[in-house]
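Residue numbers (this note's numbering): -8 to 61.
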């Protein structure tokens, strides 16, 4: 089965798009990745990474849920 372009489970987004989606800088995303507190990236090449859109959205939802629970 070929994944649909509209299916977030298969969509990859660039670091730049990830920054826009989370409202965080590249530096902050790298820091959180290093600490294991952000979704793991997908290597696309030697100097190119991407993130799963679904995983980034789930991470955002966890942040919102934690805020609501506080």
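Ideal placement from N, C-alpha and C gives every residue a C-beta, glycine not left out.
Residue i burial status per 10 Å Cβ neighbour count (16 or more: buried)
i          : result
residue 18 : exposed
residue 20 : buried
residue 53 : exposed
residue 9  : buried
Cβ-Cβ separation, residue j to residue i (assumed contact under 8 Å), whole Å
i          : j          : result
residue 41 : residue 3  : 4 Å
residue 45 : residue 0  : 5 Å
residue 29 : residue 35 : Wrong, their Cβ atoms sit about 17 Å apart, outside the cutoff.
Proximity to residue i [Cα-Cα], best of the options
i          : options        : result
residue 31 : 57, 43, 56     : 43
residue 7  : 47, -2, 25, 37 : 47
Strand pairing of residue i, partner residues [DSSP]
i          : result
residue 47 : Paired residue(s): none; residue 47 is not in a bridge.
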